[in-house]
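The numbering of the sequence shown is the working numbering, which starts it at 21 and goes up by one. Glycine is no exception: its CB is placed at the ideal position from the N, C-alpha and C atoms. Quick caveat, the model's predicted, so the values are computed rather than measured.
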Amino acid sequence: MKKLHVISLGCPKNRVDSEAIIGRLTADDHRLVADPGDADVVVVNTCGFLRAAADEALSEISAIALMKQDRDLQLVVTGCLVQRMGERLRRMIPAIDVLCG
21 MKKLHVISLG CPKNRVDSEA IIGRLTADDH RLVADPGDAD VVVVNTCGFL RAAADEALSE
81 ISAIALMKQD RDLQLVVTGC LVQRMGERLR RMIPAIDVLC G
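So this is what it looks like as structure tokens:
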């Protein structure tokens, strides 16, 4: 069973989307953990409409990317920032495994 951590940033709609992600992945043999340091998969659900929100998202994604240097971890990034930046985001942070949004 893979351990999952979800970081939900931005608007209340992202929280709803994050809950849906958690529901699907826990139904698919993932167990939710409170600490990203304990996770096998970290999903960062981003907001990108305001510059401050985009900066916060980039900071969170970068922090998780640094964790990947020390251990096997899958980094999934979803949400508005992915929709706005697309593959540019992966070029900025190559440690991202999956972009969806």
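DSSP-derived helix/strand/coil call for residue i
| i | result |
| --- | --- |
| L86 | helix |
| G99 | strand |
| L24 | strand |
| L78 | helix |
| L109 | helix |
| L119 | strand |
Straight-line gap, residue i to residue j (C-alpha atoms, nearest Å)
| i | j | result |
| --- | --- | --- |
| R51 | I41 | 12 Å |
| Q89 | R111 | 17 Å |
| K33 | L24 | 20 Å |
| R108 | D60 | 25 Å |
| E80 | V64 | 8 Å |
Span of the alpha helix (DSSP H), counted from its first residue to its last, around residue i
| i | result |
| --- | --- |
| V53 | Segment: none, V53 is in no alpha helix (DSSP H) and carries neither H nor E. |
Residue i, enclosing beta strand (DSSP E) - first and last residue
| i | result |
| --- | --- |
| C31 | Here C31 belongs to no beta strand (DSSP E), and DSSP marks it neither H nor E. |
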